[in-house]
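Report on one structure; see the data block that follows.
In the working numbering, the protein residues as written are 101 to 317.
The structure is reproduced here in structure tokens:
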């Protein structure tokens, strides 16, 4: 009953109109629609960008998108990954364990972004080796099919049945419809990505994980 509009009493329409305006203000506070001509000279003004479908705030003489919840991807690889050949790049394919506005593409190794922005990416891999010799592992991202410079991780295992975790967090600036892929290589095929089975006291460990979240427009 509290959400019902007040009904007029008698002929006092002015009182009813005031009560109605108060009621509407309580149940609905719409943002002013942005047309493109508004000035951002005063910081802290919030408007709704109808063209793009998001709220904006004036800051430092420009309108900036307010990043709402959404724009994330959580993926994992839950079985061992091996390399057919040494010193050869292979794309990793992650399962979609939860996502919004980010999805797997074609081929499914591609992770496609529907909105432009800055994204933080967290990657991990559990590497293992069946060789007593040193085995080197390489991991790096590609963006739209091209290597992302200065992002390669290199890790080495030095003994048989050794296992360790490699991880890195990076920030990438992406446009709408851009895609990324995670690649790996190893200099000896005795090295692989290890998905460990559950034990009586701990859950299973994936061979690799990736988590992505949008942090800025």
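Virtual Cβ for every residue (Gly too), placed ideally from N, Cα, C.
Query, Result
"Residue 256 CB to nearest heavy atom of the ligand GDP below 7 angstroms", "Within the structure as shown, the ligand GDP is missing, as the structure has no ligands at all."
"Nearest to residue 258 (by Cα), restricted to the options 246, 179, 290, 284", "290"
"Residue 180 and residue 295 closer than 8 angstroms at C-beta", "yes"
"Cα-Cα separation between residue 119 and residue 223, rounded to whole angstroms", "56 angstroms"
"8 angstroms Cβ cutoff met for residue 282 and residue 213", "no"
"Terminal residues of the beta strand (DSSP E) in which residue 226 lies", "217-229"
"Short Cβ contact (8 angstroms threshold) for residue 216 with residue 292", "no"
"Of the residues 156, 136, 315, 234, the one placed nearest residue 52, counting alpha carbons only", "A query on residue 52 cannot be resolved here, the shown segment of the chain reaching from 101 to 317 and no further."
"For residue 117, the three-state DSSP class (helix, strand or coil)", "helix"
"Identified DSSP bridge partners for residue 205", "Paired residue(s): none; residue 205 is not in a bridge."
"Span separating the alpha-carbon of residue 101 from that of residue 116", "With a pLDDT of 43 at residue 101, under the threshold of 50, the predicted position of this residue should be treated as unreliable, though the coordinate-derived value follows. So the alpha carbons of these two residues sit roughly 17 angstroms apart."
"Residue 148 and residue 131 closer than 8 angstroms at C-beta", "yes"
"Euclidean distance between Cα positions of residue 171 and residue 141", "29 angstroms"
"Identity of the residues DSSP links to residue 254 by a beta bridge", "238"
"Range covered by the beta strand (DSSP E) that runs through residue 274", "263-274"
"Where residue 122 falls: helix, strand or coil (DSSP)", "helix"
"Buried or exposed by the 16-neighbour rule on C-beta atoms within 10 Å, applied to residue 306", "buried"
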